[in-house]
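Let me begin by presenting the structure, written as C-alpha coordinates, before commenting on it.
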Amino acid sequence: MQAVHDDVIIRISDELTDREKIILTLTSKSMGIFRCKFMYHEKICVDRIISLPYYDNFRCIDIRKMFERPDAKSFTVSDYPKYVKEVHYMIHYDDYFTDISAKFVLHRVTHLKFSNVFNETICGVIPPSVTHLTFGTWFNQSVSDHIPSSVTHLTFGKHFNQPITCILSVTHLTFGANFNHPLKHNIPFVTHLTLGKKFIQPIENISSSVTHLKFLDMPKLIEID
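If you count the sequence shown from 1, you need to add 19 to reach the working numbering.
Shown next as C-alpha coordinates:
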(Lines of atoms letter the chains of each structure in order from A; the text may use other names.)
(Lines give C-alpha, C1' and ligand atoms only; values in the text may rest on other atoms or scores of the structure.)
Protein backbone atom coordinates (compact mmCIF):
# COMPACT_ATOMS: atom_id res chain seq x y z
CA MET A 20 0.00 0.00 0.00
CA GLN A 21 2.91 2.31 0.72
CA ALA A 22 3.99 2.14 -2.95
CA VAL A 23 0.52 3.23 -4.03
CA HIS A 24 0.59 6.01 -1.47
CA ASP A 25 3.90 7.24 -2.85
CA ASP A 26 2.54 7.21 -6.38
CA VAL A 27 -0.47 9.27 -5.35
CA ILE A 28 1.69 11.90 -3.65
CA ILE A 29 4.02 12.11 -6.64
CA ARG A 30 1.01 12.47 -8.93
CA ILE A 31 -0.35 15.29 -6.76
CA SER A 32 3.04 16.99 -6.91
CA ASP A 33 2.66 17.30 -10.67
CA GLU A 34 0.04 19.97 -9.99
CA LEU A 35 2.31 21.98 -7.69
CA THR A 36 4.97 24.59 -8.35
CA ASP A 37 8.53 23.70 -7.41
CA ARG A 38 8.31 25.95 -4.35
CA GLU A 39 5.09 24.27 -3.25
CA LYS A 40 6.74 20.87 -3.59
CA ILE A 41 9.57 21.89 -1.28
CA ILE A 42 7.12 23.33 1.26
CA LEU A 43 5.17 20.07 1.17
CA THR A 44 8.30 18.05 1.97
CA LEU A 45 8.92 20.23 5.02
CA THR A 46 5.61 19.34 6.66
CA SER A 47 6.86 16.08 8.20
CA LYS A 48 9.77 13.65 8.30
CA SER A 49 7.87 11.11 6.19
CA MET A 50 7.15 13.76 3.57
CA GLY A 51 10.80 14.78 3.56
CA ILE A 52 11.78 11.67 1.61
CA PHE A 53 9.81 12.98 -1.36
CA ARG A 54 12.23 15.86 -1.81
CA CYS A 55 14.45 13.40 -3.66
CA LYS A 56 11.53 11.81 -5.52
CA PHE A 57 9.75 14.87 -6.91
CA MET A 58 10.72 16.23 -10.32
CA TYR A 59 11.31 19.99 -10.58
CA HIS A 60 10.31 21.62 -13.87
CA GLU A 61 10.85 25.37 -13.42
CA LYS A 62 13.99 27.03 -14.78
CA ILE A 63 16.70 27.52 -12.19
CA CYS A 64 20.36 28.57 -12.23
CA VAL A 65 22.44 25.42 -11.90
CA ASP A 66 24.84 27.00 -9.40
CA ARG A 67 21.94 27.23 -6.93
CA ILE A 68 21.24 23.50 -6.99
CA ILE A 69 24.52 21.80 -7.87
CA SER A 70 25.18 20.77 -4.25
CA LEU A 71 21.68 19.48 -3.51
CA PRO A 72 21.17 15.72 -2.99
CA TYR A 73 18.24 15.84 -5.43
CA TYR A 74 20.19 17.79 -8.08
CA ASP A 75 19.45 15.14 -10.72
CA ASN A 76 15.71 15.78 -10.45
CA PHE A 77 15.79 19.24 -12.02
CA ARG A 78 14.48 19.27 -15.59
CA CYS A 79 15.19 22.88 -16.66
CA ILE A 80 18.50 24.58 -15.92
CA ASP A 81 20.20 27.87 -16.74
CA ILE A 82 23.99 27.52 -16.86
CA ARG A 83 24.73 31.23 -17.30
CA LYS A 84 26.39 31.76 -13.93
CA MET A 85 28.59 28.70 -14.33
CA PHE A 86 30.67 30.76 -16.76
CA GLU A 87 31.35 33.28 -14.02
CA ARG A 88 32.95 30.64 -11.79
CA PRO A 89 36.72 30.01 -11.68
CA ASP A 90 36.05 26.37 -12.59
CA ALA A 91 33.68 27.23 -15.47
CA LYS A 92 35.55 25.27 -18.12
CA SER A 93 35.47 22.14 -15.98
CA PHE A 94 31.64 22.14 -16.03
CA THR A 95 30.58 19.80 -18.84
CA VAL A 96 27.68 17.66 -20.01
CA SER A 97 28.55 14.99 -17.46
CA ASP A 98 27.77 17.51 -14.72
CA TYR A 99 24.19 18.12 -15.85
CA PRO A 100 21.28 16.80 -13.78
CA LYS A 101 20.51 13.23 -14.82
CA TYR A 102 16.95 13.99 -15.92
CA VAL A 103 17.44 17.46 -17.42
CA LYS A 104 15.41 18.20 -20.56
CA GLU A 105 15.73 21.94 -21.02
CA VAL A 106 18.95 23.94 -20.89
CA HIS A 107 19.33 27.70 -21.23
CA TYR A 108 22.79 28.67 -22.40
CA MET A 109 23.83 32.21 -21.56
CA ILE A 110 27.13 32.31 -23.43
CA HIS A 111 28.94 35.62 -23.77
CA TYR A 112 32.45 34.76 -24.83
CA ASP A 113 33.75 33.19 -28.04
CA ASP A 114 36.28 30.96 -26.30
CA TYR A 115 33.52 29.26 -24.33
CA PHE A 116 31.67 28.49 -27.54
CA THR A 117 34.51 26.91 -29.51
CA ASP A 118 33.78 23.47 -28.07
CA ILE A 119 30.22 23.95 -26.89
CA SER A 120 28.88 20.96 -28.82
CA ALA A 121 31.19 18.54 -27.07
CA LYS A 122 31.14 20.17 -23.63
CA PHE A 123 27.76 21.76 -23.08
CA VAL A 124 25.05 20.48 -25.45
CA LEU A 125 23.54 17.36 -23.95
CA HIS A 126 22.09 15.00 -26.53
CA ARG A 127 18.76 14.59 -24.80
CA VAL A 128 17.97 18.28 -24.34
CA THR A 129 14.70 19.26 -26.03
CA HIS A 130 14.69 23.04 -25.41
CA LEU A 131 17.74 25.12 -26.27
CA LYS A 132 17.93 28.89 -25.78
CA PHE A 133 20.90 31.18 -26.42
CA SER A 134 21.64 34.53 -24.81
CA ASN A 135 20.89 37.87 -26.45
CA VAL A 136 24.55 38.55 -27.23
CA PHE A 137 25.32 35.17 -28.77
CA ASN A 138 26.30 35.48 -32.45
CA GLU A 139 28.39 32.47 -33.54
CA THR A 140 27.96 29.78 -36.18
CA ILE A 141 25.87 26.82 -35.04
CA CYS A 142 27.38 24.35 -37.50
CA GLY A 143 27.39 20.93 -35.85
CA VAL A 144 26.15 22.30 -32.54
CA ILE A 145 22.41 21.63 -32.26
CA PRO A 146 21.74 18.02 -31.18
CA PRO A 147 19.00 15.98 -32.90
CA SER A 148 16.92 15.87 -29.71
CA VAL A 149 16.10 19.61 -29.71
CA THR A 150 12.48 20.47 -30.54
CA HIS A 151 12.39 24.11 -29.39
CA LEU A 152 15.26 26.34 -30.53
CA THR A 153 15.49 30.03 -29.59
CA PHE A 154 18.12 32.59 -30.58
CA GLY A 155 18.66 35.94 -28.89
CA THR A 156 18.67 39.54 -30.06
CA TRP A 157 22.06 39.73 -31.83
CA PHE A 158 22.19 36.35 -33.55
CA ASN A 159 22.61 36.85 -37.30
CA GLN A 160 24.36 33.79 -38.72
CA SER A 161 23.38 31.44 -41.53
CA VAL A 162 21.33 28.49 -40.32
CA SER A 163 21.19 26.70 -43.68
CA ASP A 164 21.55 22.94 -43.12
CA HIS A 165 22.27 23.53 -39.42
CA ILE A 166 18.74 23.04 -38.04
CA PRO A 167 18.08 19.36 -37.18
CA SER A 168 14.87 17.74 -38.34
CA SER A 169 13.71 17.39 -34.73
CA VAL A 170 13.09 21.15 -34.37
CA THR A 171 9.40 22.10 -34.54
CA HIS A 172 9.52 25.52 -32.84
CA LEU A 173 12.13 27.97 -34.12
CA THR A 174 12.51 31.55 -32.85
CA PHE A 175 14.92 34.23 -34.06
CA GLY A 176 15.74 37.55 -32.42
CA LYS A 177 15.56 41.14 -33.61
CA HIS A 178 18.71 41.30 -35.75
CA PHE A 179 18.42 38.00 -37.63
CA ASN A 180 18.24 38.65 -41.37
CA GLN A 181 19.57 35.62 -43.23
CA PRO A 182 17.98 33.67 -46.11
CA ILE A 183 16.03 30.61 -45.01
CA THR A 184 16.42 27.37 -46.93
CA CYS A 185 13.78 24.67 -46.88
CA ILE A 186 13.02 23.53 -43.32
CA LEU A 187 10.59 20.63 -43.28
CA SER A 188 10.11 19.97 -39.58
CA VAL A 189 9.28 23.45 -38.26
CA THR A 190 5.60 24.21 -37.58
CA HIS A 191 6.00 27.33 -35.42
CA LEU A 192 8.37 29.97 -36.79
CA THR A 193 9.08 33.41 -35.34
CA PHE A 194 11.26 36.10 -36.90
CA GLY A 195 12.41 39.34 -35.30
CA ALA A 196 12.04 42.92 -36.51
CA ASN A 197 14.80 42.92 -39.15
CA PHE A 198 14.00 39.79 -41.15
CA ASN A 199 13.16 40.43 -44.80
CA HIS A 200 13.80 37.46 -47.10
CA PRO A 201 11.50 35.44 -49.38
CA LEU A 202 9.83 32.46 -47.72
CA LYS A 203 8.15 30.84 -50.71
CA HIS A 204 8.76 27.07 -50.83
CA ASN A 205 11.00 27.26 -47.76
CA ILE A 206 8.49 26.74 -44.95
CA PRO A 207 6.12 24.10 -46.38
CA PHE A 208 4.79 22.86 -43.03
CA VAL A 209 4.76 26.02 -40.91
CA THR A 210 1.30 26.67 -39.45
CA HIS A 211 2.12 29.52 -37.04
CA LEU A 212 4.25 32.34 -38.46
CA THR A 213 5.36 35.58 -36.82
CA LEU A 214 7.01 38.35 -38.85
CA GLY A 215 8.64 41.67 -38.00
CA LYS A 216 7.95 45.23 -39.10
CA LYS A 217 10.66 45.21 -41.82
CA PHE A 218 9.21 42.22 -43.66
CA ILE A 219 7.99 43.56 -47.02
CA GLN A 220 7.95 40.39 -49.13
CA PRO A 221 4.70 39.57 -51.00
CA ILE A 222 2.24 37.97 -48.61
CA GLU A 223 0.92 35.69 -51.34
CA ASN A 224 4.31 33.98 -51.40
CA ILE A 225 3.89 32.75 -47.85
CA SER A 226 3.26 29.02 -47.63
CA SER A 227 -0.35 27.87 -47.88
CA SER A 228 0.24 25.76 -44.78
CA VAL A 229 0.20 28.89 -42.59
CA THR A 230 -3.04 29.14 -40.63
CA HIS A 231 -1.97 31.71 -38.04
CA LEU A 232 -0.04 34.82 -39.09
CA LYS A 233 1.17 37.51 -36.71
CA PHE A 234 3.14 40.74 -37.21
CA LEU A 235 5.15 42.00 -34.26
CA ASP A 236 3.76 45.53 -34.54
CA MET A 237 0.18 44.24 -34.70
CA PRO A 238 -1.34 43.06 -31.40
CA LYS A 239 -3.86 40.71 -32.99
CA LEU A 240 -3.22 37.28 -34.47
CA ILE A 241 -4.53 36.78 -38.01
CA GLU A 242 -6.25 33.45 -38.57
CA ILE A 243 -6.17 32.31 -42.19
CA ASP A 244 -8.99 30.14 -43.48
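The beta-carbon is built from N, C-alpha and C at its ideal position, and this holds for glycine as well.
CB of residue i within 9 Å of CB of residue j, strictly
i: V144; j: S169; result: no
i: T210; j: K177; result: no
i: T171; j: H200; result: no
i: E105; j: I80; result: yes
i: I69; j: D98; result: yes
Residue closest to residue i, alpha-carbon to alpha-carbon, out of the options
i: L212; options: T193, E39, I219, Q220; result: T193
i: N135; options: P147, N159, R127, C142; result: N159
i: D236; options: L214, T230, P221; result: L214
i: H165; options: T184, G51, F208; result: T184
i: L202; options: C64, G176, K216, S227; result: S227
i: P147; options: D26, S161, R30, S188; result: S188
i: F234; options: H107, I206, N197; result: N197
i: C142; options: H172, E223, V162; result: V162
i: V27; options: T140, K216, K56; result: K56
i: H17; options: K216, R78, S97; result: Any answer about residue 17 is impossible in this case: the structure gives the chain only from 20 up to 244.
i: F208; options: I186, Q220, F218, K216; result: I186
i: I206; options: K217, K216, P182; result: P182
Length of the line joining the Cα atoms of residue i and residue j
i: T230; j: V103; result: 33 Å
i: H24; j: F53; result: 12 Å
i: N180; j: T174; result: 12 Å
i: M58; j: L71; result: 13 Å
i: T190; j: T129; result: 16 Å
i: I63; j: H107; result: 9 Å
i: S32; j: K132; result: 27 Å
i: I82; j: F154; result: 16 Å
i: I225; j: G195; result: 17 Å
i: F137; j: D75; result: 28 Å
i: L45; j: E34; result: 17 Å
i: T140; j: R127; result: 21 Å
i: P167; j: H204; result: 18 Å
i: D113; j: D66; result: Only weak support is given to the placement of D113: the predicted model assigns it a pLDDT of 46, under 50, and the question is left unresolved by the model.
i: P100; j: R30; result: 21 Å
i: M50; j: L43; result: 7 Å
i: I41; j: L232; result: 41 Å
Bounding residues of the beta strand (DSSP E) (the contiguous stretch that carries residue i)
i: H24; result: H24 -> not in any beta strand (DSSP E); alpha helix (DSSP H) instead, spanning 21 to 32.
i: T213; result: 211 to 214
i: K233; result: 231 to 234
i: K132; result: 130 to 133
i: C79; result: 79 to 81
Residue i: first and last residue of the uninterrupted alpha helix (DSSP H) it sits in
i: D37; result: 37 to 44
i: M246; result: One cannot answer for residue 246 here, as it falls past the ends of the chain, which runs 20 to 244.
Completely contained alpha helix (DSSP H) runs for the stretch 138 to 194, where each covers 4 or more residues: Runs found: none.
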